[in-house]
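In what follows, a structure is listed as C-alpha cells, so that the remarks can point back to it.
Below, the structure written as C-alpha cells:
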C-alpha cells in the first residue's frame with residue numbers, strides 16, 4: 014500500500030492523476046489459489062481485485078510471469094486475420110492465394126515477429142506458432158492437412174515463424190553492436206544466459222567471432238548541409254524576356270558547375286569555385302597515373318604536412334596487391350576493408366567516435382567536417398593509424 018501511495022503522489026506531483034477504475038493489480042505467485050488468499054489492495058477507497066492477466070507495456074503477463082498469455086493472444090489475433098484473409102479468396106473468384114498469404118504475413122506474422130522475437134519462449138510454444146502458420150498456408154493454397162512440412166514450405170516459398178524470429182533477433186543484436194551504447198548493452202547481455210535477449214547475444218557471439226567495429230554516429234543537424242534552392246540564375250536579369258533555350262543553357266551550366274564531378278568541369282568557369290568544395294568532391298583516382306593535379310589539391314587541403322604526404326603517397330602509388338588479402342591495395346581498402354588492419358581500424362574508429370565524427374566512408378576519415386581543434390585531433394588519430402599499421406615505412 015505504501016508503494017502504491019508513493020506512486021500516486023509522484024504522478025500527482027507532475028500534474029497527472031491515476032484512475033482507480035483503470036488500475037489493475039496482479040499478484041505474482043506460482044499457485045493460482047494465491048489470488049483468493051492474499052488480501053486485496055485498496056486505492057482511494059476502491060478495492061482492486063487480483064487479475065488473472067494484465068497487459069503492461071504491450072506485453073500480456075499472468076501470475077507466473079510467463080509468456081503463455083502473450084502467445085495465446087497472438088494466436089487468437091492470427092486466427093482472426095487468417096479468417097479475413099481466406100475470405101478474400103472468395104472460393105476461387107477473389108484474389109490469388111499468394112496475395113492472401115502476403116496479407117496474412119503483413120499483419121499476423123508481423124505482430125508475432127514484433128512481439129515475440131526477443132522473448133524467452135519454450136520450444137513447444139514456437140512449435141505451436143509454426144503449426145498455426147503451416148495450417149494457414151495449407152488453407153490458402155488448398156493443400157492437404159497432412160502434407161509434408163518441407164515440400165509445403167518450399168512450394169509456397171515460406172519460412173517457419175521460429176526461424177524468421179531468430180533471424181530478427183540476431184539482426185537486432187547486430188544493430189546494437191553498431192553503436193557504442195548498444196554495444197555495451199549487448200556485452201552485458203552475455204552475462205544473462207537465461208533471458209531471451211541473453212540467449213540471442215550468446216548465439217550471435219558464437220556465430221560472429223569478431224563483432225562489427227563500424228560505429229554509426231549520427232550526423233549532427235548543424236552539419237547536415239541540405240540542397241539549396243535558387244530562384245534566380247546568375248547572368249539572367251529577367252526570365253520573362255529571355256528565350257527558353259538560353260534559360261536551359263544557363264541552368265545546365267550552373268548545375269554542371271555546382272553539382273557535377275569537379276575533375277570534369279572545364280577550366281573556364283563562370284565564377285570561382287571555393288578550394289574546400291573542390292577538394293571534397295575531387296575523386297581519389299588511386300593507382301592511376303596522371304593524378305598529379307588531384308594529389309596536389311589533396312596535399313593543399315590537409316593541414317598536417319605528414320598526413321598530407323602519407324595520403325598523397327597512397328593516392329599516387331602504382332598498382333599493387335594487399336599483403337594480407339591479395340586485393341587491390343587502395344586507400345578505401347586500407348581504411349575500411351582490409352582484415353589485416355582490423356585492430357588498428359578499431360582504434361581509429363573509437364577515436365573518431367569520441368570526437369563525435371562520422372567514420373563510415375573514406376571521405377569521413379580523410380576530410381572530416383569539424384572545428385579546427387577537433388580536426389587536428391582527428392588528424393593525429395589518423396597519423397597513429399598509419400604509424401601503427403607500419404604504412405610510413407612502406408610509403
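Numbering (my numbering), first residue to last: 14 to 408.
All C-beta atoms, glycine included, are put in the ideal place defined by N, C-alpha and C.
**Message:** On a Cα-Cα basis, can you pick out the residue from 90, 104, 149 that is closest to residue 128?
**Reply:** The candidate whose alpha carbon is nearest that of residue 128 is 90.
Q: To the nearest angstrom, report how far apart residue 132 and residue 335 are at their CA atoms.
A: Residue 132 and residue 335 have their alpha carbons spaced roughly 44 Å apart.
Spatial neighbours of residue 155 in its chain, beta-carbon cut-off 8 Å, leaving aside the 5 residues before and after: Apart from sequence neighbours up to five positions away, the residues of its chain that approach residue 155 with a beta-carbon distance below 8 Å are 110, ordered along the chain.
Looking only at its chain, what residues have a beta carbon closer than 7 Å to the beta carbon of residue 255, apart from the 5 residues adjacent to it on each side? Counting only Cβ-Cβ distances below 7 Å, and skipping sequence neighbours, we find 249.
| message | Could you compute how far the alpha carbon of residue 41 sits from the alpha carbon of residue 63? | response | In a straight line, the C-alpha of residue 41 is about 10 Å away from that of residue 63.
Continuous alpha helix (DSSP H) assignments of at least 4 residues falling wholly in the region 145 to 223
Within the region 145 to 223, the complete alpha helix (DSSP H) segments of 4 residues or longer fall at 162 to 169, 174 to 190, 193 to 202, 209 to 220, listed in chain order.
If distances are taken between C-alpha atoms only, which option among 351, 58, 374, 39 comes closest to residue 18? That would be 58, whose Cα lies nearest to the Cα of residue 18.
Handout entry: Uninterrupted alpha helix (DSSP H) stretches inside the region 67 to 125 (no shorter than 4 residues)
Key = As far as the region 67 to 125 is concerned, its whole alpha helix (DSSP H) runs of at least 4 residues are 81 to 100, 110 to 117.
_Any 3 or more C-beta pairs closer than 8 Å across the region 137 to 149 and the region 65 to 84_ = These segments touch.
Assuming residue 394 and residue 381 form a contact by the criterion Cβ under 8 Å, report the distance between their Cβ atoms to the nearest whole angstrom.
By a beta-carbon distance limit of 8 Å, residue 394 does not contact residue 381. Their separation comes to about 10 Å.
Mapping the DSSP letters down to three states, classify residue 15 as helix, strand or coil.
Shown here, residue 15 sits in a helix according to DSSP, grouped into three states.
task: Report yes if the CB atom of residue 213 is closer than 7 Å to the CB atom of residue 242, and no otherwise.
output: No, the pair does not count as a contact, with Cβ atoms beyond the cut-off.
### Task
Assign residue 23 to buried or exposed, taking buried as 16 or more other Cβ atoms, counted over all protein chains shown, within 10 Å of its Cβ.
Counting Cβ neighbours within 10 Å, residue 23 comes out exposed, since fewer than 16 surround it.
Would you mind reading off the limits of the alpha helix (DSSP H) that contains residue 362?
Under the DSSP assignment, residue 362 falls in the alpha helix (DSSP H) whose first and last residues are 355 to 367.
Can you say whether residue 425 is buried or exposed, counting buried as having 16 or more other CB atoms within 10 angstroms of its CB? Past the edges of the chain, shown from 14 to 408, lies residue 425, and the structure says nothing about it.
Margin query: Measuring CB atoms only, is the region 92 to 107 touching the region 116 to 125, in the sense that at least three cross pairs come out at less than 8 Å?
Written below: Touching, per the Cβ criterion.
Can you have a look at residue 351 and say buried or exposed, based on whether 16 or more other CB atoms are within 10 angstroms of its CB? The residue is buried, with at least 16 neighbouring Cβ atoms inside 10 Å.
Handout entry: Inter-residue spacing [alpha-carbon to alpha-carbon] between residue 210 and residue 134
Key = Distance between the alpha carbons of residue 210 and residue 134: 11 Å.
Is it buried or exposed, residue 202, if we count other Cβ atoms within 10 angstroms and call 16 or more buried? By the 10 Å Cβ count, residue 202 comes out buried.
- prompt: Are the Cβ atoms of residue 173 and residue 143 separated by less than 7 Å?
  reply: Result yes, Cβ atoms of residue 173 and residue 143 sit closer than 7 Å.
Reducing DSSP to helix, strand and coil, say where residue 399 ends up.
Residue state for residue 399 is assigned as helix, using DSSP reduced to three classes.
| field | Neighbourhood of residue 30 by C-beta, 6 Å cutoff - its chain only, sequence neighbours within 5 removed | value | For residue 30, where only same-chain residues beyond five positions count, there are no Cβ hits under 6 Å.
Extent of the continuous alpha helix (DSSP H) run through residue 61: Secondary structure note for residue 61: it is in no alpha helix (DSSP H), and the uninterrupted beta strand (DSSP E) holding it is 59 to 61.
For residue 51, which residues of its own chain have a beta-carbon under 6 Å away from its beta-carbon, when the five flanking residues on both sides are left out? Contacts found: 40.
* For residue 215 versus residue 178, is the C-beta distance shorter than 7 Å? -> No, the Cβ-Cβ distance between residue 215 and residue 178 is not below 7 Å.
Of all the options 386, 349, 271, which has the alpha carbon lying nearest to the alpha carbon of residue 377?
The residue with the shortest Cα to Cα distance from residue 377 is 349.
When you compare the CB positions of residue 94 and residue 121, do they come within less than 7 Å of one another, or not? Against a cut-off of 7 Å, the Cβ pair of residue 121 and residue 94 comes out as a contact.
*asked:* Using CA atoms only, rank isn't needed, just tell me which of 360, 366, 375 is closest to residue 345.
replied: Minimum Cα distance to residue 345 is reached at 375.
Item checked: Whether residue 189 touches residue 199 by CB criterion (7 Å) -> Yes. Within cutoff.
Selection from 171, 130, 148 that minimises the alpha carbon distance to residue 180: When only C-alpha atoms are compared, the closest one is 130.
| residue 39, DSSP secondary structure in three states | Coil at residue 39, not helix or strand.
Item to complete: Could you check if residue 347 is buried or exposed, using at least 16 other CB atoms within 10 Å of its CB as the buried criterion?
Response: When all chains shown are included, residue 347 counts as buried.
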